[in-house]
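Presented below is the structure to which this report refers.
Residue numbers (my numbering): 469 to 568.
Put into structure tokens, the structure is as follows:
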């Protein structure tokens with residue numbers, strides 16, 4: 469069941485982001501892909517593509533995973549604190565019920 473959930477999530481992500489990033493979710497591959505595509509487009513001036521990929525967009529592939537990691541870390545800390553508080557309250561309830 470986990471394999472189905474993971475694969476269906478990846479397929480959904482690919483369908484939704486193909487036009488944005490070429491469905492590239494690995495930052496290293498995205499950087500190489502952008503550089504390679506620029507090299508290919510510069511090698512064929514007859515194509516006359518004015519809206520080619522730009523090196524100015526590479527920053528998103530570097531900083532987006534860092535920002536996402538910080539956000540996930542903060543979320544995990546928040547969840548851990550909430551879970552510990554819930555477990556402490558549950559233990560106190562059990563102690564109160566056994567004492568009564």
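The beta-carbon is built from N, C-alpha and C at its ideal position, and this holds for glycine as well. The structure displayed is predicted, hence computed values, not measured ones.
If you draw a straight line from the Cα of residue 565 to the Cα of residue 555, it comes to about 15 Å.
In the three-state scheme derived from DSSP, where H, G and I count as helix and E and B as strand, residue 506 is classed as helix. For the 8 Å CB-CB criterion, residue 493 and residue 481 form a contact. Non-local beta-carbon contacts of residue 528 in its own chain, meaning distances under 6 Å to residues more than five positions away in sequence, are absent.
When Cβ pairs closer than 8 Å are counted between the two stretches, the segment 499-510 is seen not to touch the segment 538-551, the count staying below three. By a beta-carbon distance limit of 8 Å, residue 538 does not contact residue 495. Their separation comes to about 15 Å. Contact annotation: residue 502 and residue 526 have beta-carbon atoms nearer than 8 Å.
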